[in-house]
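Numbering (UniProt numbering), first residue to last: 1 to 517. We treat Cβ as the ideally placed atom computed from N, Cα and C, and that holds for glycine. Before any comments, here is the structure.
In structure tokens:
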């Protein structure tokens, strides 16, 4: 191994180890990580050590973000070289809910301490399509101490030529094939040797009452294109790796490229011929319209009418696919469509996931808000609230306080809760002033009907800590400065006249009951 890259060996192994999926046991993940690094390092010293390391890191990232199933075979040399003590699993557990690109962004920014622009370029070079989204998702993960591999990781495993490995693999296949051909009693089990096929739902299955993805019929003008479906199925088999037949939801064209959608349980795979890559995401079984690309969406079969959320202008739909529709907001997120379905209408937004997210708005009294004010509110919130770290099934925003802030400015405090397919949720507070200003105020609580949030604001050259809670709660703050006072539901605590807000933390809680003065 070249000496200049050897000094970075443990860094590369740690990078691969943390980016790899966290489903497997640590011994296998560490063995696969070392194998990836050993096979990615240059075999001859280069004239430019920095460039050699950068190239090796890119190769390691590419293989760790999308690991090949072949890495699991013939792991003997790397398993035998495992240390007696394995890395602390705390960080891998924290990163497990993120997709591979977001895990890579977290490791490069928080563990390797690279500048954000360098991380963005590195992600793009490693094949990540939306580096900005990966960075934003990584930002939502709290800091966890990274595992140190220095005291437990020995030198690199001696890398052998790939030719003997390939020859051994080929010889094994020949022997196994010969065995299967010559042996006739008993016959090979069909469930082991059969080739995967796609399944499809009946055209009218959805009319029987179910509303899950399982009853969506396969749509698209290329459903009968066996070559496209086979390519998507091969990509699914390589990446997902199980032996259950996936369901075909769509095969057609979107944005000038062939696209196929496959699903199994809560996993949705989007395959494109342009890149030959399958993107797998977790979605709920009752997912909303699915993103095909180029602003087109595949609708649930029971949707009777589609219109633009902001104008009620009708959207053209052909064979269940919308014409291209896009969010006007500069951040690319926000209300998109209003869908008419049995039982009423719902509004859906593009929040960056594989499926559109159902959005709702509640007034301060707790009742459902009307469509127009809700859409206007979400047009502001979509860019002010962080992008969900994983696909959200629904999102609800409600105003839990309104009134005058120090200095006389009128404010509206909003709590936005994302709910995920597995039942989990996360909530963000946003303080709005005027028609154009929004301030992120962090977590606003995880109770379904309760909210509390606070932030520092400057008025008349003085800092004030302000906080508010929903009607049934009273905000309570302990901070570095004066005693807080509550009036009209707003907690106010005077701070300093310094240029920057006080650096000491404020501990904010909420208690039952409401003070008004």
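Distance between beta carbons of residue j and residue i, contact taken as under 8 Å
i	j	result
residue 329	residue 379	7 Å
residue 137	residue 417	Not confirmed; about 18 Å, so no contact.
residue 438	residue 426	Not confirmed; about 18 Å, so no contact.
residue 263	residue 222	Going by Cβ atoms, the distance from residue 263 to residue 222 rounds to 17 Å, so no, they are not a contact pair.
residue 477	residue 510	So it is not a contact: roughly 10 Å between Cβ atoms.
residue 317	residue 406	Contact flag wrong, Cβ pair sits at about 50 Å.
residue 128	residue 15	About 14 Å separates the two Cβ atoms, so there is no contact after all.
Simplified DSSP state of residue i, which is helix, strand or coil
i	result
residue 506	coil
residue 282	strand
residue 518	Nothing about residue 518 can be reported from this structure: the residues present for the chain run from 1 to 517 only.
residue 524	Missing from the structure shown is residue 524; the chain here goes from 1 to 517 and no further.
residue 303	coil
residue 178	Legend: pLDDT at residue 178 = 35, less than 50; position of this residue unreliable, value from coordinates given subsequently. Helix, per DSSP.
residue 264	strand
residue 419	strand
residue 433	strand
residue 117	helix
residue 363	coil
residue 296	strand
residue 91	helix
residue 323	coil
residue 123	helix
residue 160	Reliability of the predicted coordinates at residue 160 is poor, the pLDDT of 41 falling under 50, and no value is obtained from them.
residue 61	helix
residue 222	coil
residue 128	coil
Nearest residue (CA-CA) to residue i, options the options
i	options	result
residue 100	513, 281 and 498	281
residue 343	209, 443, 139 and 385	209
residue 248	257, 293, 196 and 415	196
residue 356	92, 332, 490 and 362	332
residue 144	512, 103 and 430	103
residue 520	133, 306 and 502	The displayed coordinates of the chain run from 1 to 517. Any statement about residue 520 would go beyond what the structure contains.
residue 116	105, 224 and 233	105
residue 267	131, 326, 31 and 279	279
residue 61	76, 72, 121 and 27	121
residue 198	123, 68, 126 and 226	226
residue 522	20, 214, 487 and 11	Coverage of the chain is limited to positions 1 through 517, which leaves residue 522 absent and any answer about it impossible.
residue 464	96, 499, 295 and 338	499
residue 495	513, 455, 487 and 361	455
residue 276	139, 228 and 224	228
residue 385	124, 80, 428 and 424	428
residue 293	234, 259 and 283	259
residue 445	508, 124, 81 and 361	508
residue 81	473, 69, 250 and 27	27
Close-in-space but distant-in-sequence residues of the same chain around residue i (CB under 6 Å, 5 per side omitted)
i	result
residue 204	none
residue 300	none
residue 59	40
residue 212	285 and 286
residue 295	324, 325 and 326
residue 135	105
residue 255	293 and 294
residue 414	397, 399 and 430
Host alpha helix (DSSP H) of residue i (start-end)
i	result
residue 104	100-106
residue 337	Looking at the DSSP string, residue 337 is not in any alpha helix (DSSP H); the run it does join, the beta strand (DSSP E), is 334-341.
residue 522	In this structure the chain extends from 1 to 517, so residue 522 is not present and cannot be described.
residue 77	76-80
residue 230	226-240
residue 139	131-139
residue 16	9-19
Cβ-based neighbour list, residue i, same chain, cut-off 7 Å, excluding 5 preceding and 5 following
i	result
residue 375	309, 310, 335 and 347
residue 341	302, 303 and 304
residue 412	399, 402 and 432
residue 497	461 and 462
residue 288	348, 355, 356, 357 and 358
residue 420	390, 392 and 393
residue 274	257
residue 215	201, 205 and 206
Run of the beta strand (DSSP E) containing residue i, from where it starts to where it stops
i	result
residue 443	437-443
residue 39	Segment 26-40 is the alpha helix (DSSP H) holding residue 39; no beta strand (DSSP E) there.
residue 399	394-404
residue 476	473-478
residue 458	452-459
residue 463	462-469
residue 253	247-254
Own chain partners of residue i with C-beta closer than 8 Å, once the 5 adjacent residues on each side are dropped
i	result
residue 174	Annotation note: pLDDT 34 at residue 174 (below 50); position unreliable, no value reported.
residue 126	58, 61, 62, 65 and 104
residue 109	116, 119, 135 and 138
residue 142	94
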